[in-house]
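Q: Numbered by the UniProt record's numbering, the letters in the sequence shown go through residues 1 to 377 in order.
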Amino acid sequence: MEKTLELAIVLPTLNERKNLRRLVERLDNALQGIAWEAIIVDDNSRDGTSDEARAISLEDPRIRCIQRIGRRGLASAAIEGMCATAAPVVAVMDADHQHDPKLLPGMLAAINSGDYDLAYASRFAEGASTEAWGRPDRVKASGLANKIARKVTGVDLSDPMSGYFMLPTAILRGDADRLSGVGFKILLDILATVDTPLRVKEFPLDFAARAEGESKLDRTVVFEFLIGLYDKWLGRIIPTRFALFGTVGAMGVVVQFAMLWLMLSVVLGERFVYGHWSSDETTFNIANTIAALVAMTFNFVLNNELTYADKRLRGLGPLLRGWLNFAVTCSLGLLTNIGATAALKRMHINDVIAVLVGIVLAAVWNFALSSKFVWGK
Ligand code: GDD
Ligand code: MN
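What follows is the structure, encoded as structure tokens:
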């Protein structure tokens with residue numbers, strides 16, 4: 001009788017077609033005598049990674065493929081792959097040959113000994129090396145990210161950002177619904193989420209250079225990392241998305257005041273005395289309307305880049321449509337903004353306070369409506 005399945009290796013892929021076949025060979029070599037399967041979780045790569053995975057699967061049924069449509073993200077792909085196996089132990093590793101499969105049997109032995117809940121490969125442990133990586137910039141950045149991550153989450157490993165680790169599948173499943181699934185930091189997320197601390201065994205890794213293709217760690221991934229840290233730190237008190245919207249909104253406040261000052265003080269030469277501009281009411285309202293419109297456009301661009309980076313509108317058409325939707329949904333907010341300010345001004349309240357009240361009222365409207373009608377589905 002064949003041995004029952006012992007180990008699953010989850011391989012998240014985005015455009016890794018050329019790396020797959022040799023990787024399967026290396027896995028097969030490293031895992032002699034172990035009953036394993038590999039689950040390739042591919043985000044519908046344009047280079048045909050899924051087709052290649054299925055072709056390999058027809059020759060070797062230990063290889064499986066999950067082709068995800070309309071989804072993105074290393075962490076969420078890893079979670080999905082780990083939840084898709086019946087194997088009692090599961091590993092995650094990069095598919096670009098930067099992680100040496102030779103470490104797998106040792107990691108499996110550590111988990112099966114019952115002494116450890118997590119085995120992981122560290123690029124920064126004693127005996128590890130990052131020289132072959134050939135990216136001193138990334139070594140520095142990773143070191144910094146690790147330091148920040150350790151501070152914020154209290155996780156104390158030499159490389160919590162590692163993408164190469166193994167654990168009993170049941171532990172993962174127990175917490176899978178509480179993982180964020182955003183960005184690259186899946187291991188850190190597991191470590192920071194589980195209730196009882198995991199007993200960890202570290203394996204020094206010689207982090208190799210990528211074989212074919214290029215890295216997918218970009219500006220967005222770095223931003224998602226910082227957001228993830230915020231989420232763990234303060235997310236329960238002020239939801240991340242609202243905090244971002246609020247921050248962008250606060251910058252919008254600066255923009256609106258700057259525009260007002262530019263138009264009233266610089267262009268029209270009005271004086272600002274005792275909390276009031278010397279302009280007449282109509283002039284002020286026109287200037288304030290223009291200032292609010294400029295601030296709104298500024299907010300739209302920044303929210304699209306940051307707050308809703310995961311749902312970012314791209315291309316001239318979608319951007320114009322999005323801006324129009326934003327303008328329409330915000331027009332209620334804008335009316336509130338201008339109206340409240342005008343009303344307060346009539347009550348002889350300080351101009352600055354009047355503008356601020358208008359802005360805050362508008363922000364609440366804008367967040368409620370735009371998350372639904374501009375970036376919602
Ligand atoms: N399914 C899926 N979806 N897979 C992805 C995605 C995605 O959006 N983005 C990346 N991957 C896959 C890649 O195809 C590769 O197999 C693996 O995840 C790692 O991605 P790389 O793009 O090669 O990452 P890297 O080498 O720059 O980053 C390394 O360091 C990070 C921390 O500094 C990796 O070891 C990461 O795992 C690690 O978090
Ligand atoms: Mn890589």
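Backbone N, C-alpha and C define an ideal beta-carbon position, used for all residues, glycine too. What you are looking at is a predicted structure, and each value in this text was computed from that prediction instead of being measured.
Do G322 and N337 have their beta-carbon atoms positioned less than 8 Å apart in this structure?
A: no
Q: Could you tell me how far apart the beta carbons of Y164 and A121 are, in whole angstroms, since I believe they sit closer than 8 Å?
A: 4 Å
Q: Could you check if L320 is buried or exposed, using at least 16 other CB atoms within 10 Å of its CB as the buried criterion?
A: exposed
Q: Just checking my contact of G181 with I66 at CB under 8 Å: how many whole Å lie between their CB atoms?
A: About 15 Å; that fails the 8 Å criterion.
Q: Tell me E202's beta-bridge partners as DSSP assigns them.
A: Y120
Q: Going straight from the alpha carbon of V360 to that of R271, what length do you get?
A: 26 Å
Q: May I ask you to check if the CB of F203 is nearer than 7 Å to at least one heavy atom of the ligand GDD?
A: no
Q: Quick check for students: name the residue ranges of the alpha helix (DSSP H) that lie wholly in the region 58 to 104, counting only runs of 4 or more.
A: 74 to 82
Q: Which class does T196 belong to by DSSP, given the choice of helix, strand or coil?
A: For T196, the secondary structure class from DSSP, reduced to helix, strand or coil, is coil.
Q: With 16 as the cutoff for other CB atoms within 10 Å, does V355 come out buried or exposed?
A: The residue in question, V355, is buried, as its Cβ has 16 or more Cβ neighbours within 10 Å.
Q: Buried or exposed, going by whether 16 or more other CB atoms sit within 10 Å of the CB of T341?
A: Only buried fits T341, as 16 or more other CB atoms lie within 10 angstroms of its CB.
Q: The ligand MN heavy atoms versus the CB of R17: any closer than 7 Å?
A: no
Q: Pick out the complete beta strand (DSSP E) segments inside the UniProt domain "GtrA/DPMS transmembrane" (245 to 375), 3 residues or longer, and give them in chain order.
A: none
Q: Tell me whether the region 279 to 294 and the region 221 to 241 touch, counting them as touching only if at least three CB pairs, one residue from each stretch, are closer than 8 Å.
A: No, the region 279 to 294 does not touch the region 221 to 241.
Q: Inspect the beta-carbon positions of V41 and L172 and report whether they are closer than 8 Å.
A: no
Q: Report whether the distance from the Cβ of G163 to the nearest heavy atom of the ligand GDD is below 7 Å.
A: yes
Q: Just how far apart, CA to CA, sit K140 and D28?
A: 34 Å
Q: By Cβ distance, which residues of its chain are closer than 7 Å to C83, with the 5 residues on each side in sequence left out?
A: R173, A176
Q: The ligand MN and R26: does any heavy atom of the ligand fall closer than 7 Å to the residue's C-beta?
A: no
Q: Are the Cβ atoms of T153 and A125 separated by less than 8 Å?
A: no
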